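First up is the structure itself, then whatever we jot down about it.
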Amino acid sequence: MKVTHTTQWQVKMGRQGDFLNVNRRAAEIHKRLGASEIKLLGALAGAPQSQWTYVMIFDDEAAFANAMVAMDTDQEWLALGAEFVVDPPAEATNSMLARDLLS
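Just so we're on the same page, the numbering used here is the position in the sequence shown counted from 1, plus 128.
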């Protein structure tokens, strides 16, 4: 059964381009570590347009767990995190891990 991890972000005014670049780099890393699909969703209605959701889809719970363990020591991921915290273009507001009940 597929699992999905989502993180909602509040993007700072004028920093959309910076945050988009961070997400492009993160997506490459997460795919390399086992995510089968990555999405970055921008709110159109029902939430502020500055609310973005980063979505990682994994084939199963084992693939998700393996990716999480690998991220702890992945040098590219750790470097991206170190860059991000210096001047974050967004703030995480919520996250969720869910099973895809239709997969």
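Backbone N, C-alpha and C fix where the C-beta goes; we use that ideal spot for every residue, glycine too. Quick caveat: nothing in here was measured; it's all calculated off a predicted structure.
If you follow the alpha helix (DSSP H) that residue i is in, where does it begin and where does it stop?
i: K159; result: 144-160
i: Q138; result: Where Q138 is concerned, there is no enclosing alpha helix (DSSP H), although the beta strand (DSSP E) it sits in stretches over 131-139.
Look at the Cβ atom of residue i, then the Cβ atom of residue j, and state whether they are nearer than 7 Å.
i: I166; j: E204; result: no
i: T241; j: Q136; result: Residue 241 lies beyond the residue range present for the chain, which begins at 129 and ends at 231; the question has no answer from this structure.
i: L208; j: R160; result: no
i: M199; j: H133; result: no
i: L168; j: N151; result: yes
Sorted by chain position, which residues of the same chain lie with C-beta nearer than 6 Å to residue i's C-beta, five sequence neighbours on each side aside?
i: E219; result: Q138
i: F147; result: V139, P217, A218
i: A191; result: G162
How many angstroms separate the CA atom of residue i from the CA atom of residue j?
i: A175; j: S223; result: 16 Å
i: G170; j: Q177; result: 6 Å
i: M196; j: G162; result: 10 Å
i: S231; j: M129; result: 6 Å
i: M141; j: A210; result: 22 Å
i: T221; j: L206; result: 21 Å
Check for me: the beta strand (DSSP E) holding residue i runs from which residue to which?
i: G170; result: 165-170
Between residue i and the rest of its own chain, which residues show a CB-CB distance below 7 Å, the 5 nearest in sequence each way excluded?
i: E189; result: V131
Near residue i, what residues of its chain come up, given a Cβ to Cβ distance below 8 Å and the 5 sequence neighbours on each side ignored?
i: R143; result: P217, A218
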